[in-house]
Amino acid sequence: MRKLSFLVSTLLFATKVVVGAAPGAGAAPGDTVTTTVEKAIENLPVAAEDSAGYNISRFKHWTDPDQDGCSTKAEVLISEATTPPAVDRWCTITGGAWHSYYDKKDHDGAGSLHVDHLVPLAEAWRSGASAWTDEERERYANDMADPRVLAAVSATEKRKKGDRDPARWEPSDDSADCRYIAEWAAVKGRWKLSVDETELAALQNMVVECQTEEITYELAL
1289 MRKLSFLVST LLFATKVVVG AAPGAGAAPG DTVTTTVEKA IENLPVAAED SAGYNISRFK
1349 HWTDPDQDGC STKAEVLISE ATTPPAVDRW CTITGGAWHS YYDKKDHDGA GSLHVDHLVP
1409 LAEAWRSGAS AWTDEERERY ANDMADPRVL AAVSATEKRK KGDRDPARWE PSDDSADCRY
1469 IAEWAAVKGR WKLSVDETEL AALQNMVVEC QTEEITYELA L
């Protein structure tokens, strides 16, 4: 449902659509880009990564932007449940069921799940977020406007992934690779993040095994 509502809102409220190409100098936040995964990967800026100055505290995360008493983490768990959980007035989540697409595993209850930043916070920092304002980093860390940014996945998978990019980590379930790199390209494109040479090569090698797919994302910056 979250994916459907995102696509509908994109179509209704986009101010400009850039088709099949990298967003130009005149592209602004709120503009949308529609392209193929291959072209999205090709259009990502290439730059060396730099971890200097990174600390997770530079990204204020699991906030409550809509002030409804549920943190972003809880909101993702609630929205991605395949069987809705019970949620009390303190936003305590009980029951429910989830599917982790990284490893194709189903979970009863949220206890064995973590909410993952598809492009990890440390990777975002290395790829351009070090130059953002604190407010921009907070927006990224709690971005629910695009359902690809955050995902409820098996805790074991999140621990294995850590802050690695596709050159150093792939989902345990091979059938998830195409979805993973499509979402990676969309999130990096949305937030104008760069890729390094080895990351780009990995993405290009993986995408040749995937069917041609069109993706749309809205520019956040």
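So my numbering is basically just the index in the sequence shown, starting at one, shifted up by 1288.
Idealized CB from N, CA, C, for every residue including glycine.
Check whether the stretch 1385-1404 and the stretch 1437-1444 are in contact - that is, three or more C-beta pairs closer than 8 Å. yes
So, with DSSP's three-state summary, where would you put tryptophan 1350? coil
Between isoleucine 1381 and glutamate 1363, what straight-line distance do the alpha-carbon atoms span, to the nearest angstrom? Looking at the two C-alpha atoms, the distance is approximately 10 Å.
Beta-carbon proximity of leucine 1406 to valine 1334, cut-off 7 Å: In terms of Cβ geometry, leucine 1406 and valine 1334 do not form a close pair [threshold 7 Å].
Does DSSP put tyrosine 1505 in a helix, a strand or coil? strand
Name the DSSP beta bridge partners of lysine 1393, please? Ser1388
Quick test of your reading: tryptophan 1386 and leucine 1401, contact by CB under 8 Å. State the CB separation rounded to the nearest angstrom. 6 Å
Can you check whether the CB of glutamate 1426 is closer than 7 Å to the CB of aspartate 1453? no
Find the nearest neighbour of aspartate 1356 within the set Ser1345, Trp1378, Tyr1342, Glu1485, judged by alpha-carbon distance. Checking every option, the nearest Cα to that of aspartate 1356 belongs to Trp1378.
Going by DSSP, name the residue or residues bridged to valine 1403. Valine 1403 pairs with Ala1440.
How long is the line joining the alpha carbons of alanine 1398 and glutamate 1458, rounded to whole angstroms? 23 Å
So, with DSSP's three-state summary, where would you put alanine 1335? coil
Where DSSP assigns a beta bridge to isoleucine 1381, which residues make up the other side? Val1375
Is the beta carbon of glycine 1383 closer than 7 Å to that of alanine 1374? Their beta carbons are under 7 Å apart, which means alanine 1374 touches glycine 1383 by this criterion.
Which value, in whole angstroms, describes the spacing of the CA atoms of glutamate 1471 and lysine 1348? 23 Å
Measure how close the beta-carbons of alanine 1315 and isoleucine 1503 come, nearest whole angstrom, since I'm counting them as under 8 Å. Between isoleucine 1503 and alanine 1315 the Cβ distance is about 16 Å, and since that is not below 8 Å, they are no contact.
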